[in-house]
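Colleague:
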Amino acid sequence: MKIRIAVAIAAGLAALVAAPQAAQAMPHDHHDGIRYASVKGCTVKGEQRPCGEWRLMMHSGEKGSLPDAETIAREANGKSSHTQVAPIAVSGNGRRVAYFTKSGRLAVRTMGGGVKVFAKDALPRVAQYDVTFQLSDDGGRLATVFATNKAVKTRIFDTATGALLGSTPGGQTLLGFSADGGELLTEVSADESVTDLIAYSESGEQLYRATPPQIVAANSPSALAADGRTTANVVMGGAKSQLVLYDMQSDQIIAKRKVKLPAGDLNMIDWTGDQQVTLHLVQYPDGKANKMTIVQIDTETGAVKVRDHYSLLKDSYVFAACGG
Amino acid sequence: MRYTSAAAALLASAVIGGLGITPPAAHAQAGPSQVRAAWIKTCTDKKNDTTYPCGHWQLITRDGGKLTVKDASTTEIDGKGRRLDDAGLFAISGDGRVIAYERAGDHRIVVRQAAGGPVKVLAASLVPKRYGTSPLSLHLSPQGDRLLVDSTDEKERVPTKVVTIATGKIVELPAKDSMNGFSTDGGEVLAQRFNRDNTLTLIAYRTDGTSVRRTPSQVVANSAMTALAADGKTVAVIISGDEEAKKVPRLRIYDLETGDLSAGVDLALKAGQTPYLAQWSADGRLTVLVQTGDEGSTAVVREFTVDTETGAATQTDKYSISKTRYAFRVAGE
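The listed protein sequences derive, respectively, from chains L and R. Using the working numbering, read the first sequence as starting at 3 and increasing by one per residue. Using the working numbering, read the second sequence as starting at 320 and increasing by one per residue.
(1) Does the beta-carbon of lysine 480 of chain R have 16 or more other beta-carbons within 10 angstroms, so that it is buried, or is it exposed?
(2) In the stretch 234-250 of chain L, which residues sit with their C-beta less than 8 Å from some C-beta in chain R, listed in chain order?
(3) To the nearest angstrom, how far is the alpha carbon of histidine 375 of chain R from that of tyrosine 420 of chain R?
(4) Taking Cβ-Cβ distances below 7 Å as the criterion, which residues of the stretch 510-535 of chain R are in contact with chain L?
(5) Can you name the start and end residues of the alpha helix (DSSP H) that threonine 216 of chain L belongs to?
(6) Excluding the 5 residues flanking alanine 257 of chain L on each side, which residues of the same chain have their C-beta closer than 7 Å to its C-beta?
(7) Measuring CB atoms only, is the stretch 567-581 of chain R touching the stretch 541-557 of chain R, in the sense that at least three cross pairs come out at less than 8 Å?
(8) Bridge partners for alanine 323 of chain L per DSSP, in chain order?
(9) Quickly, what does DSSP pair glycine 66 of chain L with across the bridge? List them, please.
(10) Could you tell me how far apart the beta carbons of asparagine 235 of chain L and isoleucine 271 of chain L are, in whole angstroms, since I believe they sit closer than 8 Å?
(11) Please name the residue or residues paired with glycine 275 of chain L in a DSSP beta bridge.
(12) Valine 297 of chain L lies in the alpha helix (DSSP H); which residues open and close that run?
(13) Give the residues of chain L in contact with asparagine 541 of chain R, contact being defined as C-beta atoms less than 7 Å apart.
(14) Determine the direct distance from the alpha carbon of glutamate 395 of chain R to that of arginine 402 of chain R, and round the result to whole angstroms.
(15) Give the secondary structure of glycine 240 of chain L by DSSP, where H, G and I count as helix, E and B as strand, and everything else as coil.
(16) Identify the contact partners of threonine 213 of chain L in chain R, using a Cβ-Cβ distance below 8 Å as the criterion.
(17) Quick one: which chain R residues come within Cβ less than 9 Å of asparagine 221 of chain L?
(18) Within a Cβ cutoff of 6 Å, which residues of the same chain sit near valine 190 of chain L, ignoring the five residues on either side of it in sequence?
(19) Within the present structure, is the beta-carbon of aspartate 425 of chain R separated from the nearest heavy atom of the ligand MG by less than 7 Å?
(20) Near glutamate 576 of chain R, which residues of its chain fall below 7 Å by C-beta distance, leaving aside the five closest residues on each side in sequence?
(21) Mapping DSSP to helix, strand and coil, what is aspartate 472 of chain R?
(22) Hey, does methionine 28 of chain L have any beta-carbon neighbour from chain R nearer than 8 Å?
(23) Kindly indicate if chain R contains any beta-carbon less than 8 Å away from that of glutamine 174 of chain L.
(24) To the nearest whole angstrom, what separates the beta carbons of glutamine 50 of chain L and threonine 85 of chain L, a pair I think is in contact under 8 Å?
(25) Is the CB of serine 559 of chain R under 8 Å away from at least one CB in chain L?
(26) Looking only at its chain, what residues have a beta carbon closer than 6 Å to the beta carbon of tyrosine 210 of chain L, apart from the 5 residues adjacent to it on each side?
(27) Excluding the 5 residues preceding and the 5 following glycine 578 of chain R in the sequence, name in chain order all residues of the same chain whose CB lies nearer than 6 Å to its CB.
(28) Any idea what DSSP makes of glutamine 130 of chain L, helix, strand or coil?
(29) Going along the stretch 569-584 of chain R in order, which residues come within less than 9 Å of chain L, judged by CB to CB distance?
(30) Are alanine 650 of chain R and isoleucine 411 of chain R touching if we call contact CB-CB under 8 Å?
(31) Are at least three pairs of beta-carbons, each pair with one atom in the stretch 261-277 of chain L and one in the stretch 181-189 of chain L, less than 8 Å apart?
(32) Who pairs with aspartate 574 of chain R in a beta bridge, going by DSSP?
(33) Determine the DSSP secondary structure at aspartate 193 of chain L, reduced to helix, strand or coil.
(34) What does the alpha-carbon distance come out to for the pair tyrosine 638 of chain R and valine 620 of chain R?
(35) Is it buried or exposed, valine 237 of chain L, if we count other Cβ atoms within 10 angstroms and call 16 or more buried?
(36) Secondary structure at alanine 305 of chain L, three-state DSSP: helix, strand or coil?
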């Protein structure tokens, strides 16, 4: 789940908390989950900055908020950065959201459930705008990535207990969790001017490292399947778009599927089933609200099905959509 | 490439003959007739603090001498004939014996012996009327018998042209390809194509119109440069060094026909010495050029012969180019 500076969203957590959803049998029952989180922007003393609370836009159309969440990032010393947006992430299934509380603690809130506030020292003391969160599809795992000048290890947490499960090397780009949350995929610049993909277990053990073919490396990002070794990436090319499946263990392209995609730039790619990859496609029409289209691709056939589409709140300054 | 033996001198004569232009007898031997590089001076417009090329193209000869190419255009022109602030087209063959350039006055492309003598004026059609010489670049084959006229016009309208100088025959190559250079014997042109799926394909075009192509692995696609051997399939792949990571440049050998890629060797150069030109010699050795000196300081060019098995590098030449340069071109570039 990535924060995209450009657009935004808002949602009402309070509303969510008030109306817990009973039916949770389906892992991808998006109807009671968050579509995206958004914060408004305004101009203060000539500078653009986030204003107001994080808004949570739900699949049901309801709108909640996250009153306990920080929207303006704090510096490492705890002072406000005034203009930078604090990080936020929504799990793939839209049921959990990770953020910094107003008191500067890391928190993961479950829709219709409670909030897990992490230990004070869960994260190193760095500026909040140098921190990125990524939740697994079910929100059970959280990765915290640090974009500080000095490489700091990425930390992986169990969001139910707050326990630190492991860490992966800093200085790499975290692409995301595998479909079941058991592994992570990173991308790193390696020797000889190439880009490598690395799969780690949630405890930080390196499982596979590969220098993929051009068609994978040149069409980033890739997403990791539940098996922890198969990646998917998309070549965005209008009518010539294709889904590429790659096996990190054997260093082989497994399949290329022609896919017919609706308009939009690739915002996110995630595995959401053993034979399903979900894409978030975003459009930025001039003067209008940004549009998101979410499609599910059958990895066996290349068939594309639109799962959801919506217009983002027009006053969004920054938004974070659910991944799955 | 240097010709030191009698046989080589004969070969040189043959090449000159092949060029179809009459060399002045006094310059038909090795020595002052070979040039290492050409450069053109920079001037500053004090009003808006911009620089532009000025004066004449100067040749730096193998024996350290200087020659002026008075009829070479200082600048390029656009489609309306207006002079631009880019240096005029210029190229030197790999052996340093032949030069090609944009002629002052009519901006036609001409070729002649580096040492002097009459020019051979090439077809007017080599310069697209729509763009002038501005999108073009010239590359001479190692022996100076063929000229590549590459175009980087944004709309990819202008095909690359390969001119056989003795006959004037022109072969067109796809406009969307970018040209890496000739093979050692001038028999093929190595090109690369950026595909719609964001990958890069290497293509060797042969004179008979056929080609060999392959989409290589990342390490080849992301390399600093490639050079095609006389066999038309063996590619030297130079991988950039990384000063920050203290990694020296590396060499791998890629076979364009089979896709085989060697494990590679570290080159016995410094991390900051990534070669900017590589050429196979006729006897299968690899020559690389390393340049130091940024704009405004003296450029130093070092030539090394590289052992492709071990990466050992032996310096075989070194020369400098004035800090007052606006642009320079080395032999074989």
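Quick reminder that beta carbons are idealized off the backbone N, C-alpha and C, glycines included.
Modeller: Here's the rundown:
(1) buried
(2) Val237, Gly239, Lys242 and Gln244
(3) 12 Å
(4) Arg515, Asp516, Asn517, Thr518, Leu519 and Thr534
(5) Before going on, a small fix: residue 216 of chain L reads as glutamine here, not threonine. Segment 216-219, the alpha helix (DSSP H) holding glutamine 216 of chain L.
(6) Leu247
(7) yes
(8) L/Tyr38
(9) L/Leu58
(10) 7 Å
(11) L/Gln278
(12) No alpha helix (DSSP H) holds valine 297 of chain L; the beta strand (DSSP E) holding it covers 293-300.
(13) Ser195 and Val196
(14) 6 Å
(15) helix
(16) Ser536, Gln537 and Val538
(17) Asp516, Asn517 and Thr518
(18) Gln174 and Asp198
(19) Judged by which ligands are present, the structure shown has none, so any question about the ligand MG falls away.
(20) Val531 and Lys552
(21) coil
(22) Residue placement at methionine 28 of chain L is poorly supported in this model, since its pLDDT is 39, which falls under 50; the coordinates are not used for a value here.
(23) no
(24) 7 Å
(25) yes
(26) Ala201, Arg231, Met250 and Gln251
(27) Arg533
(28) helix
(29) Arg569, Arg571 and Gly583
(30) yes
(31) yes
(32) R/Thr553
(33) helix
(34) 5 Å
(35) buried
(36) coil
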